[in-house]
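First to last, the sequence lines map onto chains A and B. So for the first sequence, the UniProt record's numbering puts the first residue at 1; every next one is plus one. So for the second sequence, the UniProt record's numbering puts the first residue at 1; every next one is plus one. Just below is one structure, and these are the notes that go with it.
Protein chains: 2
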Amino acid sequence: MSREQQVLDRIERVRRRKPVVREERITLAHGAGGKATHTLIEAVFLEAFRNPLLAPLDDGAILRLEDARAAFTTDSFVVSPLFFPGGDIGDLAVNGTVNDLAMCGARPCHLSAGFILEEGFPVADLRRVTASMAAAAAAAEVTIVTGDTKVVPRGKGDGCYITTAGVGLIEQPVTLTAAGARPGDAVIVSGPIGAHGAAIMLARGDFDIEAPITSDTASLHGIVADLLRAIPQHVRTLRDATRGGIATVINEVAVASEVAVVLQEEKIPVRPEVTGVCELLGLDPLYVACEGRFVTVVDGEHAAQALDTLRGHPLGSEAEIIGTVADDPPGLVLLRTTFGGTRVVDVLVGDPLPRIC
Amino acid sequence: MSREQQVLDRIERVRRRKPVVREERITLAHGAGGKATHTLIEAVFLEAFRNPLLAPLDDGAILRLEDARAAFTTDSFVVSPLFFPGGDIGDLAVNGTVNDLAMCGARPCHLSAGFILEEGFPVADLRRVTASMAAAAAAAEVTIVTGDTKVVPRGKGDGCYITTAGVGLIEQPVTLTAAGARPGDAVIVSGPIGAHGAAIMLARGDFDIEAPITSDTASLHGIVADLLRAIPQHVRTLRDATRGGIATVINEVAVASEVAVVLQEEKIPVRPEVTGVCELLGLDPLYVACEGRFVTVVDGEHAAQALDTLRGHPLGSEAEIIGTVADDPPGLVLLRTTFGGTRVVDVLVGDPLPRIC
């Protein structure tokens, strides 16, 4: 028997010793690195995320990267509430990092997950979160290969914060950057905006509003791969419209590329119930976070092909060309309103929606 | 001028527009993804960590990996207090992830950093932390290439939590795992143990004890590289002795490898001032965290060479062979005490030292 086989056998024997978390709530000992931490890792995290790279539970995971060009990204998640219509902090944390990799033009491969748990957090809730992460990871065809858990005393956290990082491989010959937009390019959004932010606001229950809104949280790697396969040389920029909404990411493009972006208000897809909630709360949907929508800038001549490609994917069936890139005034985003006026769409100032992701 | 050059020029022009953080304390707006977030990222994070991979501030960093075998790891840091003799949460967060990569046998290359800031956290403290991260990254020859910032309301955090993830390249033909120890192997610790944990306990000021103890936080990639260069085929296991101390990591090895480990108490290096503080606080130094020490299991026949190599590095001048690996009883760590007795060294139960890292 080879040494590698012996090692795998040992791991397998250790695995069979099914550890059990007997506590109902997280204690400081779960973060101390000792027995309770080991049990938590094996009974909850390894149980949910099991894969050959994670199983050895060494200090890090060993990746075999098939290509020399990789994307690397991270996001912390502090959403409140942890569970909301359409998702929870778990799938958000997986999808968010998967999407950041997709926005780099990469095929997402491996994730890490760092948990900061508050003493007293129900273990049952942690299991719900890890189950949801596992499902999102399976859907996005990524593995969670390494992680860490810390516990902070009561009142020094809020149940559960998660930081995911991700590694993906760039397999297409693309150069994607917010600084890549040029006059004549088209600006496309992959679907109706603002549902995630609106769902979170309603889930907090601070307002006496009921509306059938669910978060749009989703992994965008598939639809992005379709787009990059269709017109690899003609996609300038990909940005998922999370905090700050599409207004913020389009402003980033305008500033970084030193171009103007002119948006057509009537082309911007917003579901009526989201519009309704935003009106009641005094929010502009352009600034409301999505977690499963992206903005792409593509060569104007290939805009129709890009739109067709996006609409051919379930997550892009309501995609729209919402604007064009112009020379002047550089760094500004303008909105041609439905009523025929024009206004400047500035970046978000202040925080109308804290802890949205 | 090539398109790539144009893009770099734009980034450079944007860079020159020196943004300034005018607030003295972190506000929720700094986490909202809008103007305040951008200013914070550019004036604080980019200023401290500037490098070509981070500068575009896109959704992720694009890495050019020169080899196909990589290590990937993450750690969250919630240490309290944030600043302590010998270091702070910033260099701890860099060194911790650098060390986890080193323990995988990898040359650390790139880090990500996710910040969870509490509303009201002084911006000056954040600058101290980022300066310290930048210095630690420079010392470890890694770049911080991507990041994220979230802000939680007052009372939902504790100033600053940091999660770093890291990618490194495995350039030596090594197979390192806690399951790799074999009877006849030697167990070596790279230097005196317990200083980090003791320094943190004293820094909290809960005890009326003064002692000249500074944290041992340090990047171990250099000393590990020396060891792996010297005896690449004979190093079984590398583990940095953080939470739970050397007792915990040696237990991990005993369990995963299904071997016994017999430690000689008088060989275990502990500084007298650390011993003194541990006696006063009722702590066993074997369980107290280090942040710049590691345990390695090496082939017994190469133990002397390993020790010489470690002692040749400034971080290993006090390294010692502290024990041997035996057949029986599998999964147990035994300590031959200075007084001639033998006791079982179990894994840590409970949390004597919460928020040590």
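We put the beta carbon where it would ideally sit given N, CA and C, even for glycine. The structure displayed is predicted, hence computed values, not measured ones.
Residue i to residue j span [Cα, whole Å]
i	j	result
residue 315(B)	residue 191(B)	7 Å
residue 163(B)	residue 62(B)	20 Å
residue 135(A)	residue 330(B)	37 Å
residue 29(A)	residue 300(A)	58 Å
residue 84(A)	residue 216(A)	11 Å
residue 206(B)	residue 198(B)	12 Å
residue 259(B)	residue 325(B)	7 Å
residue 372(A)	residue 305(A)	Lying before the first or after the last residue shown, residue 372(A) is absent from chain A, which here runs from 1 to 357.
residue 354(B)	residue 275(B)	19 Å
residue 20(A)	residue 152(A)	22 Å
residue 224(B)	residue 200(B)	25 Å
residue 155(A)	residue 98(A)	31 Å
residue 346(A)	residue 118(B)	26 Å
residue 235(A)	residue 174(A)	8 Å
residue 364(A)	residue 286(B)	For residue 364(A) there is no data in the structure shown, the boundaries of chain A being 1 and 357.
residue 109(A)	residue 71(A)	10 Å
residue 277(A)	residue 211(A)	8 Å
residue 293(B)	residue 96(B)	11 Å
residue 102(B)	residue 87(A)	37 Å
residue 272(B)	residue 352(B)	20 Å
residue 203(B)	residue 5(A)	47 Å
DSSP three-state assignment for residue i, whether helix, strand or coil
i	result
residue 100(A)	helix
residue 240(B)	strand
residue 172(A)	coil
residue 338(A)	coil
residue 232(A)	helix
residue 348(A)	coil
residue 116(B)	strand
residue 150(A)	strand
residue 180(B)	helix
residue 166(B)	strand
residue 224(A)	helix
residue 143(A)	strand
9 Å Cβ cutoff, residue i in contact with chain B
i	result
residue 72(A)	yes
residue 420(A)	Since the first residue shown for chain A is 1 and the last is 357, residue 420(A) is missing from the structure and cannot be characterised.
residue 228(A)	no
residue 201(A)	no
residue 103(A)	yes
residue 296(A)	no
residue 223(A)	no
residue 62(A)	yes
residue 18(A)	no
residue 114(A)	yes
residue 38(A)	yes
residue 282(A)	no
residue 77(A)	yes
residue 35(A)	yes
residue 355(A)	yes
residue 28(A)	yes
residue 100(A)	yes
Below-9 Å beta-carbon distance, residue i vs any chain A residue
i	result
residue 217(B)	no
residue 231(B)	no
residue 45(B)	no
residue 275(B)	no
residue 88(B)	no
residue 167(B)	yes
residue 120(B)	no
residue 271(B)	no
residue 302(B)	no
residue 220(B)	no
residue 292(B)	no
Entirely enclosed beta strand (DSSP E) segments - the segment 69 to 94 of chain B, minimum 3 residues: Runs of the beta strand (DSSP E) inside the segment 69 to 94 of chain B: 69 to 77.
Could you list the residues in the segment 169 to 196 of chain A with a C-beta less than 8 Å from some C-beta on chain B, going in chain order? Of all residues in the segment 169 to 196 of chain A, 170, 175, 176, 177, 178, 179, 180 have a Cβ within less than 8 Å of some Cβ in chain B.
Restricting to runs no shorter than 3 residues, where is the beta strand (DSSP E) found entirely within the segment 183 to 219 of chain A? Correct list: 186 to 189.
Which residues, in chain order, does the segment 339 to 350 of chain B contribute to contact with chain A at a C-beta distance below 9 Å? Within the segment 339 to 350 of chain B, the residues whose Cβ lies closer than 9 Å to some Cβ of chain A are 346, 347, 348, 349, 350, listed in chain order.
At what residue ranges does the segment 269 to 332 of chain A contain a whole run of the beta strand (DSSP E), taking only runs of 3 or more? Runs found: 294 to 298, 320 to 326.
Mind listing which residues of the segment 307 to 339 of chain B have their C-beta closer than 8 Å to chain A's C-betas, in chain order? So nothing in the stretch comes that close.
Those runs of the beta strand (DSSP E) which lie wholly inside the segment 32 to 66 of chain B and span at least 3 residues: DSSP runs (the beta strand (DSSP E)) wholly in the segment 32 to 66 of chain B: 61 to 64.
Residues in the segment 128 to 156 of chain A having any Cβ partner in chain B nearer than 9 Å: Residues 145, 146, 147, 148, 149, 150, 151, 152, 153, 155, 156.
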